[in-house]
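Chemist: This is the structure I have questions about; it appears just below.
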Amino acid sequence: RYLAEFAAGDKKIHAAEQARSAYQLGLEAYTDLPAYNPVRLGLALNFSVFQHEVLNHTDAAVYTATTAYQSAVAALETEDYRDDIDVNTTLSLLKDNLALWSHS
Numbered sequence: 001r002y003l004a005e006f007a008a009g010d011k012k013i014h015a016a017e018q019a020r021s022a023y024q025l026g027l028e029a030y031t032d033l034p035a036y037n038p039v040r041l042g043l044a045l046n047f048s049v050f051q052h053e054v055l056n057h058t059d060a061a062v063y064t065a066t067t068a069y070q071s072a073v074a075a076l077e078t079e080d081y082r083d084d085i086d087v088n089t090t091l092s093l094l095k096d097n098l099a100l101w102s103h104s
């Protein structure tokens, strides 16, 4: 993702495609984790930022962030859950991004 943010031309296209593929693999690999798992949430957060910043696909970014946020909140309501600062911070960042992207 970070290479794709700063590269130009064909290098940017190539880096963006590699990042997108890596994100897809990661998202598929973590489907067995609870929706509120901090690694799964962090991956969704980073992927949504990539979609917005690099690919300029704000609708896809909103979908990714919304799905992750709503799934985690719903799972937290049904689980015996201890407060986790990483989970709460990531949920807050997802919510903040959604607010920003809905106003742009």
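Numbered by my numbering, the letters in the sequence shown go through residues 1 to 104 in order. Cβ coordinates follow ideal geometry from the N, Cα and C atoms, glycine included. As the structure is a computational prediction, the values presented were derived from the model and not from experiment.
Please state the DSSP three-state secondary structure of L33.
Modeler: coil
Chemist: Determine whether the beta carbon atoms of A7 and A19 lie at a separation below 8 Å.
Modeler: The answer is no: Cβ separation not under 8 Å.
Chemist: For V49, is the classification buried or exposed, using 16 other Cβ atoms within 10 angstroms of its Cβ as the cut-off for buried?
Modeler: buried
Chemist: Considering only C-alpha positions, which residue in the set S102, E79 and A72 is nearest to D59?
Modeler: S102
Chemist: Would you kindly report the start and end of the unbroken alpha helix (DSSP H) that includes V49?
Modeler: P38 to E53
Chemist: So D59 is in the alpha helix (DSSP H); what residue range does that whole segment cover?
Modeler: Unbroken alpha helix (DSSP H) run through D59: T58 to T78.
Chemist: Where does R20 fall in DSSP's three states?
Modeler: helix
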